[in-house]
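Numbering follows the numbering used here, in which position 146 of the sequence shown is assigned residue number 228; successive positions increment by one, without gaps.
Ideal placement from N, C-alpha and C gives every residue a C-beta, glycine not left out.
No experiment lies behind these values; they were computed from the predicted model shown.
Here is the structure we will look at.
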Amino acid sequence: MLPIDDSPIVRDGKSLILAMDHGLEHGPVDFEEVPEKLDPAAVFETATHDAVTSIAVQKGIAEGYYPSYEDDVNLLVKLNGTSNMWMGEPDSAINCSVEYAADIGADAVGFTVYSGSNHEVEMFEEFREVHEKAREYDLPVVMWSYPRGQGLKNDTKPGTISYATRIALELGADIAKVKYPGEPEAMAHACEAAGNMNVVMSGGSKTDDREFLSTVEQATSAGCCGLAVGRNVWQREEPTRILDALERVIYDGKSADAALGHDDTESEPERDIERETETADATVEG
83 MLPIDDSPIV RDGKSLILAM DHGLEHGPVD FEEVPEKLDP AAVFETATHD
133 AVTSIAVQKG IAEGYYPSYE DDVNLLVKLN GTSNMWMGEP DSAINCSVEY
183 AADIGADAVG FTVYSGSNHE VEMFEEFREV HEKAREYDLP VVMWSYPRGQ
233 GLKNDTKPGT ISYATRIALE LGADIAKVKY PGEPEAMAHA CEAAGNMNVV
283 MSGGSKTDDR EFLSTVEQAT SAGCCGLAVG RNVWQREEPT RILDALERVI
333 YDGKSADAAL GHDDTESEPE RDIERETETA DATVEG
């Protein structure tokens, strides 16, 4: 793997990837609650936040919008992806070459691998070609490591997520994006299985602020180097507010409550001392 701590997609050893490949993967349905975000420029504006280390998009979005934001946004080009209308065994078409991604200014490339799919062998071979070509351009490679297929009953089972991070390490990824396995201990094991490769948690479907940030707190405390998130940021009416909070959790190590401004850090003894002091002052004044 590449030493990526000095790469544009990493800040202080951490990463916050703003994913916006949903238009291909899920379709316009993901934008129904926030129709203004159907315009990719609105999400690129969100990606200018200091907490965001890169924006992950397909090549058409990169071509059309990145030139207007290249001074303020780091670009991660997603090289493969398929539509939600595909009903076959999990697979992902290669839609962009490494060379083309580099030509349009990519700082890194991303590639989905569905381990466990009937197409696993083909996808591993495709990843090899992408990985080795990316090395020629010194581009970090992020693997969307998503075990999935007819033989998998539960794609977030702890052992499955640990296997997912290990596969990414074994195949040469610089960062693995994986789903949260449900508990910090399982996430910690998945990060151990990744060796010294960076692991980021997938943001998943939109949840409320506290639930989302608590999961991020658990994941980063367990060893995750950050987050690759889409809907839990740009589906919100105030994405800047949640990014401010994510910055505190991921980079500053704050708790979810502290990041949201809900953490009353003053202890009971400190309150008692203050009350006693106030009472004494009142007695003196009287």
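Bounds of the beta strand (DSSP E) holding Leu98 are 97-101. Contact between the stretch 93-107 and the stretch 130-137 is established, with three or more Cβ pairs separated by less than 8 angstroms. In this chain, the alpha helix (DSSP H) harbouring Gly142 covers 141-147.
Residue burial is scored here from C-beta neighbours: His344 has fewer than 16 other C-beta atoms within 10 angstroms and is therefore classed as exposed. Residue pairing by DSSP puts Phe193 in a beta bridge opposite Met225.
Cβ neighbours of Gly233 within its own chain (closer than 8 angstroms, five residues either side excluded): Gly198. By the neighbour-count definition (other C-beta atoms within 10 Å, threshold 16), Ala255 is a buried residue. Ser227 sits buried, since 16 or more C-beta atoms from the chains shown fall within 10 Å of its C-beta. Inter-segment contact for the stretch 111-120 and the stretch 169-181 is absent: fewer than three beta-carbon pairs are separated by less than 8 angstroms. Only residues of its own chain outside the window of five on either side were considered, and among them Lys261, Tyr262, Pro263, Gly264 have a CB closer than 8 angstroms to the CB of Thr238, listed in chain order. Excluding its 5 nearest sequence neighbours in each direction, Ser165 has C-beta neighbours in its own chain below 8 angstroms: Leu106, Glu107, Gly109, listed in chain order. In this chain, the beta strand (DSSP E) harbouring Gly308 covers 308-311.
Straight through space, the alpha carbons of Lys141 and Leu253 are spaced by roughly 24 angstroms. Short of 6 angstroms from the beta carbon of Ser89, and not among the five residues preceding or following it, lie these beta carbons of its own chain, in chain order: Pro222.
Out of Pro321, Asp103, Pro229, Val111, the CA that lies nearest to the CA of Ile143 is found in Asp103. Note on Pro229: 16 or more other CB atoms within 10 angstroms of its CB, so buried under the neighbour-count rule.
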